[in-house]
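Chemist: My structure is below; once you've seen it, I'll send some questions.
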Amino acid sequence: MPTIDGERVIADLKRLAQFGRYKTGVHRPTYSPIDVESRHWLAEKLGEAGLDTVIDGIGNVIGRNPSARQRLLIGSHSETQPYGGWLDGSLGVIYGLELARAFAADASCAGLGIDVAAWADEEGHYGNYLGSRSFTDALPEEEIDQTRGRDDGTPLRQALERAGFAGRPPERVDPKRYIGYLEAHIEQGDTLDTSGLRIGVVETIVGIWNYRVSLIGEQNHAGTTRMVRRKDAGVSMVRLATRIHDRFPEIAGPRTVWTIGRMLLEPNAPSVVPGRAEMLVQFRDADIDRLAAFEGSRLSGTDRSRGRAARAAPASADAERGGSRRGGAVVPDAGGDDVHPEPPGHQSSLVGGQQGRGHRARRPGVRRCRREDPAFREVRFCQHGCPVRAGGRQRPGRRGGSRRPPRLDSACE
Ligand SMILES: [Zn+2]
20 MPTIDGERVI ADLKRLAQFG RYKTGVHRPT YSPIDVESRH WLAEKLGEAG
70 LDTVIDGIGN VIGRNPSARQ RLLIGSHSET QPYGGWLDGS LGVIYGLELA
120 RAFAADASCA GLGIDVAAWA DEEGHYGNYL GSRSFTDALP EEEIDQTRGR
170 DDGTPLRQAL ERAGFAGRPP ERVDPKRYIG YLEAHIEQGD TLDTSGLRIG
220 VVETIVGIWN YRVSLIGEQN HAGTTRMVRR KDAGVSMVRL ATRIHDRFPE
270 IAGPRTVWTI GRMLLEPNAP SVVPGRAEML VQFRDADIDR LAAFEGSRLS
320 GTDRSRGRAA RAAPASADAE RGGSRRGGAV VPDAGGDDVH PEPPGHQSSL
370 VGGQQGRGHR ARRPGVRRCR REDPAFREVR FCQHGCPVRA GGRQRPGRRG
420 GSRRPPRLDS ACE
């Protein structure tokens, strides 16, 4: 059984966190000079682990085991959210690195190999899942031509040029090469934390349906328009919002969540009856029938006009290839802060069609992975995920079980 060196994992995570370190987190946007530097560092580390390593034309760092007969692909993204957490993405990449080393060092693993990937721009600084989509040949050249940075509008081509990646061939997945793809990720909700569990397996990525609800009334003077004559779009919006929050629980499942994240009034003036109101409604669930039920029963017929802004279908993790289902809790990906429209069918092309990605992109500008921040306290759990994935030297389970991991207060800088 391969032996995981937990101290080495933590040391590598801390080193990676130095690239763009900001307070207790990291600011490492895709293709920024510090992101490029970190990718070269990663490539070097993967090379030292005995992998044939390249950085490809979209910035993916891919390390391939040159000799194994059976291989597992392990990875995650290595850029971060703006001022994000230090474990988000990095955890999955460094686990891959450690497992590659551990398998190579163990004679009983002869013939078994780990390939490692650090995807580019899963966090959406430029596009949607650029790296993994490129790897699965689902990123058209025209899209690369048209994509621009979401913060400053820099053309993606220019960013790739500046990063030194332009002109490099894209690396593509060979599905026959792998028995599966695994991605370790820091928990983004609080299910494990509040349940006292150390590790869980994502079995489903929730679908996200977004609605832009417009209510059309009659703009009028707030002093002279009698109440009985008013068609106040603002009042209608507030009533609808209340109805949503009151009634959605009746059809919600245990993991359904919904959010009204934005409300607007027009003209938004103290002495004008609003003629138009708009709100953004979003709901998420792993069950597409339940999403449809939400849409059908609560939003339709309640307003004068409504539009569906964006939707992403739920996607199941590939149980056959998952390989890591034994032990631990099974939790759906609680999702994060994504209110960004995503192309329909996009996720399924990654999750169902190829190697089973287990991560979702997030909109830049939203701070997340808050649990990572308080003084790096979750660092001790990193040492649990890695052995579990290597084959189970430590059984996942509740905290306080037979073998507690060492506290790594030294990481709390
Ligand atoms: Zn992530």
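In my numbering, the protein residues as written are 20 to 432. Think of the CB as a built atom: it goes at the ideal place given N, C-alpha and C, for glycine as much as any other residue. Since this is a predicted model, take the numbers as computed values, not measurements.
1) According to DSSP, is F302 helix, strand or coil?
2) Taking the alpha-carbon positions, what's the I198 to L70 distance?
3) Whose CA, out of F154, T155, D156 and A178, lies closest to the CA of Q165?
4) Identify every run of the alpha helix (DSSP H) within the stretch 242 to 272, keeping only runs that are complete inside it and at least 4 residues long; order them along the chain.
5) Just to check my reading of the structure: E117 and R58 have Cβ atoms closer than 8 Å, yes? What is that Cβ distance to the nearest angstrom?
6) Considering just the uninterrupted stretch of the alpha helix (DSSP H) at R27, what are its terminal residues?
7) Using the Cα positions of N229 and H96, report the straight-line distance between them to the nearest angstrom.
8) For D193, count neighbouring C-beta atoms within 10 Å of its own C-beta (all shown protein chains included) and say buried if the count is 16 or more, exposed if not.
9) Taking only three categories from DSSP, how would you classify A353?
10) Quick check: what's the CA-CA separation for A203 versus G111?
11) If E237 and K250 are in contact, beta carbons under 8 Å, what's the gap, nearest whole angstrom?
12) State the start and end residues of the unbroken beta strand (DSSP E) segment that holds R281.
13) CA-CA distance, R47 and F122?
14) According to DSSP, is P174 helix, strand or coil?
15) Roughly how many angstroms lie between the CA atoms of L284 and A331, to the nearest whole one?
16) Measure the C-alpha to C-alpha separation of R376 and E297 and round it to an integer number of angstroms.
Modeler: If we stick to the structure as given:
1) Three-state DSSP puts F302 in a strand.
2) When rounded, the distance between both Cα atoms is 18 Å.
3) Ranked by Cα distance from Q165, the first of F154, T155, D156 and A178 is A178.
4) The alpha helix (DSSP H) runs of length 4 or more contained entirely in the stretch 242 to 272 are, from start to end of the chain, 252 to 270.
5) Beta-carbon to beta-carbon, E117 and R58 are separated by about 18 Å, too far to satisfy the 8 Å threshold.
6) Residues G25 to Q37.
7) Cα to Cα, N229 sits roughly 25 Å from H96.
8) Classification of D193: exposed, given that the 10 Å Cβ count is below 16.
9) In this prediction, A353 has a pLDDT of 31, which is less than 50 and means its spatial position is unreliable; nothing more can be read from the coordinates.
10) Answer to the nearest angstrom: the Cα atoms are 4 Å apart.
11) A Cβ-Cβ distance of about 4 Å is found for the pair E237 and K250, placing them in contact under the 8 Å criterion.
12) Looking at the DSSP string, the run of the beta strand (DSSP E) that includes R281 is V276 to E285.
13) Distance between the alpha carbons of R47 and F122 is about 30 Å.
14) In this structure, P174 counts as strand in the three-state DSSP scheme.
15) Taken atom to atom, the span from the alpha-carbon of L284 to that of A331 is near 28 Å.
16) With a pLDDT of 36 at R376, under the threshold of 50, the modelled position of this residue cannot be trusted, and the question is left open.
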